[in-house]
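A.B. asks: Dumping the structure here so I can ask a few things about it.
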Amino acid sequence: MKLNRFFLTLILFSRCFIASDEANAQSLSDKAATKETVALYKNLHKLSKQHIIFGHQDDLAYGINWRYIEGKSDIKDVVNDYPGIYGWDLGRIEHDSLRNIDGVPFDKIRRYIQEGYKKGAAITLSWHFDNPLTGGSSWDTTKNSVAAILPGGAKHQLYVSWLDKAAKFISSLKGDQREAIPILFRPFHEVSGNWFWWGRNCASPAEVKKAWRFTVDYLNNTKKLHNLIFVYNTNGFTNEHEFLKYYPGDDMVDVVSFDLYQFENQDKKTFINAVRNDLAIISKIAKQKNKLAAFAETGYEAVPDATWWTETLWPAIKDYPLSYVLVWRNAGYMPSTKKMHYYAPFKGQISAPDFKKFYQLNSILFEKKIGAKKIYQPN
């Protein structure tokens with residue numbers, strides 16, 4: 003009898019320990035997060051053990067040789083399904099522009115976000131905001147630009163006004179019951195690169211961390227936005243120290259991620275090895291810090307490799323617990339570079355048949371499958 007009681011106590015203790023461990027692993031940085039946001043985060047944790055959500059930037063707005071056609075999507079034209087996560091950008095909202103950096107009206111972005119949310123897909127936002135110190139673009143790498151937006155800095159109040167404008171838009175993202183739509187928010191992305199004003203050539207790690215912490219605190223506590231899941235993002239890296247160089251703290255981050263693209267002068271094996279190296283590192287960090295891991299941006303411009311999806315991307319990501327992988331936008335012909343700029347297949351594109359095989363992989367989730375998972379509901 004005593005032995006039975008002992009084993010019963012041991013089982014109950016183990017269950018409590020596991021439940022407590024899972025709760026800690028699924029705790030958002032924002033302790034006042036909405037129930038839908040909490041549910042999304044917990045469900046992404048569960049799904050990432052066996053599945054990876056596939057995403058595409060600007061998917062519903064435009065594609066190759068089309069723009070603003072209701073219900074159209076280059077990806078849907080290939081596999082009769084939409085992405086499981088939609089990426090959008092807030093660039094130019096800081097100037098009260100009616101259109102974002104890619105020319106998409108913010109009113110349309112709002113509607114596309116609501117549409118994706120209603121069908122059960124996830125939403126992520128980045129922000130290519132202009133340089134507040136100089137008035138130049140995101141790519142204006144004038145030194146001390148980040149220092150200028152910190153409290154006491156010459157452009158701090160300007161930056162606060164920009165946050166107010168972004169917050170106003172984010173707060174307008176509502177579901178049918180007027181609930182706030184959860185957003186995976188990825189500010190200061192590719193922070194370890196040298197091409198943005200918040201990158202390594204323009205600011206010290208300490209300055210970037212302060213800017214991040216101020217931004218998160220302001221959006222959560224001053225603007226009362228409780229539908230944000232904060233995504234820390236770097237460019238490619240070689241080791242854990244390099245990845246965490248600008249990391250602002252566990253209390254201010256929910257997802258660890260990186261961006262890495264294959265370029266035309268890079269062979270398949272080199273790219274796969276680089277991705278796997280980085281995924282191994284962030285997967286370890288995510289587990290240690292109880293965060294989600296994500297491959298926030300990737301792709302191969304114009305996808306010239308007919309089997310890129312199943313013989314490059316899939317081998318690179320298949321062994322890691324990722325919440326999502328997202329490929330960049332299908333902009334079409336770019337006069338500035340005089341070449342095609344797209345990262346997802348479209349009907350007739352050389353990699354479209356292979357993309358259909360990628361779509362059929364059990365571990366990859368597009369909108370139909372992710373919608374059935376009801377990721378915004380407690381499970």
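Note that the working numbering has the sequence shown beginning at 3, numbered continuously upward.
C-beta: ideal position from N, C-alpha, C; glycine also.
1. Indicate whether residue 245 and residue 283 have their beta-carbon atoms separated by less than 8 Å.
2. If I follow the unbroken beta strand (DSSP E) through residue 126, where does it start and stop?
3. Tell whether a beta-carbon distance below 8 Å holds between residue 354 and residue 344.
4. Per DSSP, which residues does residue 258 bridge with? Please list them.
5. Check whether the Cβ atoms of residue 60 and residue 368 lie closer than 8 Å to each other.
6. Got a sec, what are the start and stop residues for the alpha helix (DSSP H) residue 316 sits in?
7. Compute the Euclidean distance between the alpha carbons of residue 295 and residue 50, then round it to the nearest angstrom.
8. Less than 8 Å between C-beta atoms, sequence neighbours within five positions excluded: which residues of the same chain meet that for residue 143?
9. Tell me which residue opens and which closes the beta strand (DSSP E) that residue 132 is part of.
10. Which residue wins for smallest C-alpha separation from residue 78, given the options 348, 364, 122?
11. Going by DSSP, which residues form a beta bridge with residue 265?
12. Which stretch, first to last residue, makes up the alpha helix (DSSP H) that contains residue 349?
13. Our contact map puts residue 214 next to residue 187 with C-beta atoms below 8 Å; I'd like the distance itself, whole angstroms only.
14. Kindly indicate which three-state DSSP category residue 373 falls into: helix, strand or coil?
15. Per DSSP, what are the beta-bridge partners of residue 68 in this structure?
16. Just mark residue 113 as buried or exposed, buried being the case when its beta carbon has 16 or more other beta carbons within 10 Å.
17. State the Cα-Cα distance for the pair residue 281 and residue 147, rounded to the nearest angstrom.
18. In chain order, which alpha helix (DSSP H) runs of at least 4 residues are fully inside the segment 144 to 231?
19. With a threshold of 7 Å on Cβ separation, who are the neighbours of residue 172 within its own chain once the five nearest residues in sequence on each side are excluded?
C.D. replies: For this structure:
1. Annotated as proximal: residue 245 and residue 283, with beta-carbon spacing under 8 Å.
2. In the DSSP assignment, residue 126 falls within the beta strand (DSSP E) that extends over 124 to 128.
3. Going by C-beta atoms, residue 354 is not nearer than 8 Å to residue 344.
4. Note: residue 258 sits in a beta bridge opposite 234, 295.
5. Not a contact, by the Cβ cut-off of 8 Å.
6. Note, residue 316: alpha helix (DSSP H), 316 to 319.
7. Between residue 295 and residue 50, the C-alpha separation is close to 8 Å.
8. So the qualifying residues of the chain are 196, 197, 198, 199, 201, 203, 204.
9. No beta strand (DSSP E) contains residue 132, which DSSP labels as neither H nor E.
10. Minimum Cα distance to residue 78 is reached at 348.
11. For residue 265, which the question treats as bridged, DSSP gives no partner whatsoever.
12. Boundaries cannot be given for residue 349, as no alpha helix (DSSP H) includes it and DSSP labels it neither H nor E.
13. Approximately 11 Å separates the beta-carbon atoms of residue 214 and residue 187; this is outside 8 Å, ruling out the contact.
14. Helix at residue 373.
15. For residue 68, which the question treats as bridged, DSSP gives the partners 65.
16. Residue environment: residue 113 is assigned as exposed (fewer than 16 neighbouring CB atoms within 10 Å of its CB, all protein chains considered).
17. Rounded to whole angstroms, residue 281 and residue 147 show a C-alpha spacing of 30 Å.
18. Whole alpha helix (DSSP H) segments, 4+ residues: 147 to 151, 158 to 173, 207 to 219.
19. In the same chain as residue 172, and ignoring 5 residues on each side of it, the C-beta atoms closer than 7 Å to its own belong to 185, 227, in chain order.
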